[in-house]
Amino acid sequence: MSAGWDAVPAGLLTLDRDGTLTEANATFLSWVGRPREDVVGRVRLSELLSVGGRIYWETHLGPLLLVERRLDEVAVELRGVDERLPVLLTAVAEDDGTVHVVLSSARERSRYERELRAARESAERSAAQVEALQLVTAALSRAVGVSAVAQALLDAAVRTLGASAAALWLPDGTGALQPHGARGELSAELPRAAAVLHERTAVELDGRVVVPLHGSNHLRGVLIATPRSEAGSDPLDVEVLTAVGQQAGLALDRAGLYEQNADVARELQHSLLAVDPPADPRFTVAAAYRPGVEALEVGGDWYDVFLADTGLLSVVVGDVVGRGLGAASAMGQLRSAVRAVSGPRTGPAALLTHLDRFVGQVEAAGMATLAYAELDLDSGEVTYACAGHPPPLLVRATGAAALLWEGRSTPLGAFASPGDRHEATLQLAAGDRLLLYTDGLIERRDRSLDDGLELLRATAAELAGLPIADAVRELTTRLLQDEVGRDDVCVLLVGWDSTGFERHVSADLTGLSRMRHDLAGWLEDSGVDSRTGRDVVLATSEAVANAAEHGSDRSPDRHVRVRARLERHRGSSRGDAGGDGDPGSDGGTVVVEVHDGGRWRTPTASPERGRGLQIMGALVDDVVVESADGTTVVLRRSLPGVER
Amino acid sequence: MDVLSRNNVSVSGADDAPSMLFAHGFGCDKGMWRHVAPAFEPSHRVVLFDHVGAGHSDLSAYDPDRYSSLQGYALDAVEIVEALDLAPVVFVGHSVSAMIGALAAADRPELFARLVLVGPSPRYIDDDGYRGGFSQQEIDELLETMDGNYLGWSQHIAPVIMGVPDRPELGEELAGSFCRTDPAIARRFARTTFLSDNRSDLPRVTTPSLVLQCRNDVIAPMEVGQYVHQQLPDSHLVVLDATGHCPNLSAPDQVVEAMQRYLAA
Amino acid sequence: MTVETVRDDVVRVLRASGELDAAVAPPLLDQVGDWVRGARAVVLDLADVAFFDSSGVRLVDRFSRECGRAGASLRVVAPPGGVARQVLEIVGMAGPLVDDDLDAAVAALSA
Numbered sequence: 081m082s083a084g085w086d087a088v089p090a091g092l093l094t095l096d097r098d099g100t101l102t103e104a105n106a107t108f109l110s111w112v113g114r115p116r117e118d119v120v121g122r123v124r125l126s127e128l129l130s131v132g133g134r135i136y137w138e139t140h141l142g143p144l145l146l147v148e149r150r151l152d153e154v155a156v157e158l159r160g161v162d163e164r165l166p167v168l169l170t171a172v173a174e175d176d177g178t179v180h181v182v183l184s185s186a187r188e189r190s191r192y193e194r195e196l197r198a199a200r201e202s203a204e205r206s207a208a209q210v211e212a213l214q215l216v217t218a219a220l221s222r223a224v225g226v227s228a229v230a231q232a233l234l235d236a237a238v239r240t241l242g243a244s245a246a247a248l249w250l251p252d253g254t255g256a257l258q259p260h261g262a263r264g265e266l267s268a269e270l271p272r273a274a275a276v277l278h279e280r281t282a283v284e285l286d287g288r289v290v291v292p293l294h295g296s297n298h299l300r301g302v303l304i305a306t307p308r309s310e311a312g313s314d315p316l317d318v319e320v321l322t323a324v325g326q327q328a329g330l331a332l333d334r335a336g337l338y339e340q341n342a343d344v345a346r347e348l349q350h351s352l353l354a355v356d357p358p359a360d361p362r363f364t365v366a367a368a369y370r371p372g373v374e375a376l377e378v379g380g381d382w383y384d385v386f387l388a389d390t391g392l393l394s395v396v397v398g399d400v401v402g403r404g405l406g407a408a409s410a411m412g413q414l415r416s417a418v419r420a421v422s423g424p425r426t427g428p429a430a431l432l433t434h435l436d437r438f439v440g441q442v443e444a445a446g447m448a449t450l451a452y453a454e455l456d457l458d459s460g461e462v463t464y465a466c467a468g469h470p471p472p473l474l475v476r477a478t479g480a481a482a483l484l485w486e487g488r489s490t491p492l493g494a495f496a497s498p499g500d501r502h503e504a505t506l507q508l509a510a511g512d513r514l515l516l517y518t519d520g521l522i523e524r525r526d527r528s529l530d531d532g533l534e535l536l537r538a539t540a541a542e543l544a545g546l547p548i549a550d551a552v553r554e555l556t557t558r559l560l561q562d563e564v565g566r567d568d569v570c571v572l573l574v575g576w577d578s579t580g581f582e583r584h585v586s587a588d589l590t591g592l593s594r595m596r597h598d599l600a601g602w603l604e605d606s607g608v609d610s611r612t613g614r615d616v617v618l619a620t621s622e623a624v625a626n627a628a629e630h631g632s633d634r635s636p637d638r639h640v641r642v643r644a645r646l647e648r649h650r651g652s653s654r655g656d657a658g659g660d661g662d663p664g665s666d667g668g669t670v671v672v673e674v675h676d677g678g679r680w681r682t683p684t685a686s687p688e689r690g691r692g693l694q695i696m697g698a699l700v701d702d703v704v705v706e707s708a709d710g711t712t713v714v715l716r717r718s719l720p721g722v723e724r
Numbered sequence: 005m006d007v008l009s010r011n012n013v014s015v016s017g018a019d020d021a022p023s024m025l026f027a028h029g030f031g032c033d034k035g036m037w038r039h040v041a042p043a044f045e046p047s048h049r050v051v052l053f054d055h056v057g058a059g060h061s062d063l064s065a066y067d068p069d070r071y072s073s074l075q076g077y078a079l080d081a082v083e084i085v086e087a088l089d090l091a092p093v094v095f096v097g098h099s100v101s102a103m104i105g106a107l108a109a110a111d112r113p114e115l116f117a118r119l120v121l122v123g124p125s126p127r128y129i130d131d132d133g134y135r136g137g138f139s140q141q142e143i144d145e146l147l148e149t150m151d152g153n154y155l156g157w158s159q160h161i162a163p164v165i166m167g168v169p170d171r172p173e174l175g176e177e178l179a180g181s182f183c184r185t186d187p188a189i190a191r192r193f194a195r196t197t198f199l200s201d202n203r204s205d206l207p208r209v210t211t212p213s214l215v216l217q218c219r220n221d222v223i224a225p226m227e228v229g230q231y232v233h234q235q236l237p238d239s240h241l242v243v244l245d246a247t248g249h250c251p252n253l254s255a256p257d258q259v260v261e262a263m264q265r266y267l268a269a
Numbered sequence: 003m004t005v006e007t008v009r010d011d012v013v014r015v016l017r018a019s020g021e022l023d024a025a026v027a028p029p030l031l032d033q034v035g036d037w038v039r040g041a042r043a044v045v046l047d048l049a050d051v052a053f054f055d056s057s058g059v060r061l062v063d064r065f066s067r068e069c070g071r072a073g074a075s076l077r078v079v080a081p082p083g084g085v086a087r088q089v090l091e092i093v094g095m096a097g098p099l100v101d102d103d104l105d106a107a108v109a110a111l112s113a
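Residue numbers (the working numbering), protein chains in the order written: chain A, 81 to 724; chain B, 5 to 269; chain C, 3 to 113.
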């Protein structure tokens, strides 16, 4: 070979078809540090490359050269004396298999490329890490409550972070870590060494990665992830797992707080909604509360039933804006305010005006809506008002149902002045019902409000014949069949049962004994003790006999009407309690009204008549004779410690 | 997913004849069989395919989880056999595909008539009492070399044929895409191949097998070939007078002859 | 409401049972004379009466008058706690006329 061949500052080679060197220039020999006779005719080129290069040659470059007869600028490393020399290799093969090779030093270029590559790998790795972390963080933040966070974390470990299995431990009430779910086969145990758990980062231990989940103050749990075992799988990224561990710790912090809050709010709401309605044979009431389907926090719906005065029943259903503790608290205050303000001389419109002032002071109660009605238990008259709330529904005993659109005004506190608050009145017949509810019952995203109201009206009319408790249950079930994305629902149904006891005795007194038996039964059912009951029955019988004789001349065409009711008084803290009995004591009064169409003249001096009055007077506390549209004798007998 | 397009399957040769399925190994694609497969077309139904990630296979079908183990590739082979109704097939596997075929035959023996294992190795990394040929560090070096050539790699996979005037017929056939592969996939395939250990699967292979071992193969040295022959329950070992790891390209006549003789017997 | 003569020798015992109210009293009032005629001593036993009001008082009153006219003595049996006793006490008739039970009434008449 010419001197120029050796002087060329590149490695020049010729190979036979087997790859054995047949010629090599001095430059090449100096690179590999071997004398000519050691190499030429003895060694194949691939043997002079680094191991990686050799494998690459045998599997890729050799075949390429065989098929395409060319290799251009392939980067390989020569094995020099002490070091490896990166070179760029270009080769061309002839027909007979001879290969001509030129190798140029790529040391500088190689360093540059290596740095580029390292930077790109680092960037790609970071990007992948960031993406994984973003996915996991998003999943953790969507999870509400400790269980959901635990599930999200375990899912993320096997789906996003490349673990083949993962197990989670969470502290119990005493702080001891307990297993709390796993994915994939896992026989991991919690590492004994507590030291590992106090690390701030994820730690590789026995082929797994232990990830402590630190909240702001406490260890919130431990995740153990197992890498995949297949040959080509990637190992677990400890950096990413550390970051995930931190996120998960904070998420568990939040979840713990949330559950605490939710528990408190739920308890509060439970206690607020636990209404103990007064019992009175003149009315029946039933209510239902269904929390919202998707809502995890306590809602703002509430209801109440109480006696605003003796014989005056108040029913109210309300909706406070918002959810959670704030709403629950506002709801409680509003409920108390309604009870405090209502009274026999207040009325619904005035009540709303008072409440407007009240919500001015309690911000969370602003824009609350409510429907309020007062029912006179003796007459069946209802006065009602609606502050921005869906209209109450009147359901007649006959089955006719109609929405009550009068008495409407704006939500509470909504810039309303006293003159803006209206009320309306209607008259119930015995057996009629009034339905109050919140908008969750009728509002649906995919349905117009009118359609919802019409559905309510029609369904309530259908159920008019059911007992009130059944009617409420059935109504709620039917209207909430589509349990999709709805709000809380509160439903209250009150029915006026009129006087509780009413009989007509024909003035010839043929039904007198029967009436006594019915009355005795009614008194017993009403919880009146037998002694008192006997006295009341006797007094009533006397009154009826008198009425028949002196008012109706015992004519079979005439009737004497007997009505009885039981008024219960609750010990009340209201200052303006106008009822009987001491404040703070419970009691009741039986009130019997005997009415005939005649005018009962004051007794003549007949001994029988006198005795009748004497007997009545001895048996009851109070005998009052009222003359209006005939004569009504009102007997009142108070009861010792009546059963609620 | 259509198996045939996923793996770029091509069928040629005789119709009503026993089937022969060729599987290329680590490196390059089904083009590795260009000098061997045609010899069997008169007598066999010849089926060639690319592993997912190589050649003209559907790269979007590459699932890192499935292909992080050789089992994934074995499943692909079984799917091809079933899709084309090739059973009982003669499976010819080069390099790591020899093990892929062995795994498939161990699980589904009814599908395989014979195995031809060209340059097989069940494990490339040395172990106690076992010489696979490489250390873990050397495999890492391979991965580095592959990474290094990624930057220069694009020139090789450019779909242009540069100056092969003597072989104009290659123009249409190759389209300059021989050894084309996605670098990231190739890297993972390398790891899956070189980090696998399937020694314990060899005794499970009941299919009669032919082991073709090159005299001078750095990747799968002679000891490994002998080990494979010993571990297989029913096998023949033929040592080829060839150098390098790809006798199917560098010494195709010897490969064809050894195969024909074995299959005739 | 029925009134039965359960004994008629030295003493005539008339036992009333059922409910005695303004509905059933009027016809009974007219029969009192017949029940009392020919007796020297009469006991009106109200122990079995389930209801007793001012019309019952009226009946007792009529018994009293008829017995007076016939010259017969009268005792009324109304056990304590019973309905008749309660009403008779209210109207102040218990003292002079009423005994707790039949034996006492008969004894009182014999005295």
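Ideal Cβ positions, reconstructed from N, Cα and C, are used throughout, including at glycine.
If you're wondering where the values come from, they're calculated on a predicted model, not measured in any experiment.
Asked: Cβ shell of V93(C) (< 8 Å), same chain only, five flanking positions each side left out; Found: S56, V59
Asked: Residue range of the alpha helix (DSSP H) that includes M95(C); Found: Looking at the DSSP string, M95(C) is not in any alpha helix (DSSP H), and its letter there is neither H nor E.
Asked: G580(A) versus A510(A) - alpha carbon distance; Found: 10 Å
Asked: D360(A) burial status per 10 Å Cβ neighbour count (16 or more: buried); Found: buried
Asked: Residue-chain proximity (D205(B), chain A), Cβ-Cβ < 8 Å; Found: no
Asked: Any chain A beta carbon closer than 8 Å to V122(B); Found: no
Asked: Extent of the continuous beta strand (DSSP E) to which H597(A) belongs; Found: Run containing H597(A): none in the beta strand (DSSP E); it sits in the alpha helix (DSSP H), 592-605.
Asked: Own chain partners of P251(B) with C-beta closer than 8 Å, once the 5 adjacent residues on each side are dropped; Found: V122, G123, L216, C218, L244, Q258, V259
Asked: Simplified DSSP assignment, three categories, for M447(A); Found: coil
Asked: For D384(A) and E554(A), the rounded distance between their alpha carbons; Found: 21 Å
Asked: Those residues which DSSP pairs with F495(A) across a bridge; Found: Answer is none; F495(A) lacks a bridge partner.
Asked: Beta-carbon contacts of G655(A) that lie in its chain and below 7 Å, excluding the five residues immediately before and after; Found: With a pLDDT of only 34 at G655(A), under 50, the local geometry of the prediction cannot be trusted, and the value read off the model is given with reservation. Cβ neighbours of G655(A) beyond the five flanking positions: none.
Asked: Stretch-stretch touch, CB-based, cutoff 8 Å, three pairs: the segment 517-531 of chain A with the segment 493-501 of chain A; Found: no
Asked: CA nearest to the CA of E83(B), picked from L25(B), Q235(B), A43(B), D130(B); Found: L25(B)
Asked: C-beta neighbour in chain B for P143(A), strict 8 Å; Found: yes
Asked: Span of the alpha helix (DSSP H), counted from its first residue to its last, around H39(B); Found: No alpha helix (DSSP H) contains H39(B), which DSSP labels as neither H nor E.
Asked: As assigned by DSSP and simplified to three states, the class of L46(C); Found: strand
Asked: Cβ-based neighbour list, I695(A), same chain, cut-off 6 Å, excluding 5 preceding and 5 following; Found: E622
Asked: Option in A203(A), L165(A), F438(A), V181(A) with minimal Cα separation from E188(A); Found: L165(A)
Asked: Distance CB(R263(A))-CB(A237(A)) smaller than 8 Å; Found: yes
Asked: Residue-chain proximity (I223(B), chain A), Cβ-Cβ < 8 Å; Found: yes
Asked: Stretch-stretch touch, CB-based, cutoff 8 Å, three pairs: the segment 327-345 of chain A with the segment 213-229 of chain A; Found: yes
Asked: Per-residue burial, G398(A) [other beta carbons within 10 Å of its own, 16 or more giving buried]; Found: buried
Asked: Beta-carbon neighbours of S72(B), restricted to chain A and to distances below 7 Å; Found: R308, E310, A311, G312, S313
Asked: As assigned by DSSP and simplified to three states, the class of R114(A); Found: coil
Asked: Below-8 Å beta-carbon distance, D151(B) vs any chain A residue; Found: yes
Asked: Interface residues of chain C facing L589(A) [CB-CB closer than 9 Å]; Found: D23, A24, A25, V26
Asked: Contiguous alpha helix (DSSP H) assignments of at least 4 residues, all confined to the segment 40-110 of chain B; Found: 74-87
Asked: 8 Å contact criterion, which I104(B) and Y77(B) should meet: CB distance rounded; Found: 5 Å
Asked: Stretch pair the segment 296-313 of chain A + the segment 196-203 of chain B: three plus CB contacts closer than 8 Å; Found: yes
Asked: Span separating the alpha-carbon of Y517(A) from that of L277(A); Found: 53 Å
Asked: Distance, E706(A) Cα to A698(A) Cα; Found: 19 Å
Asked: Start-to-end residues for the alpha helix (DSSP H) that takes in N626(A); Found: 610-626
Asked: Distance, L303(A) Cα to R97(A) Cα; Found: 58 Å
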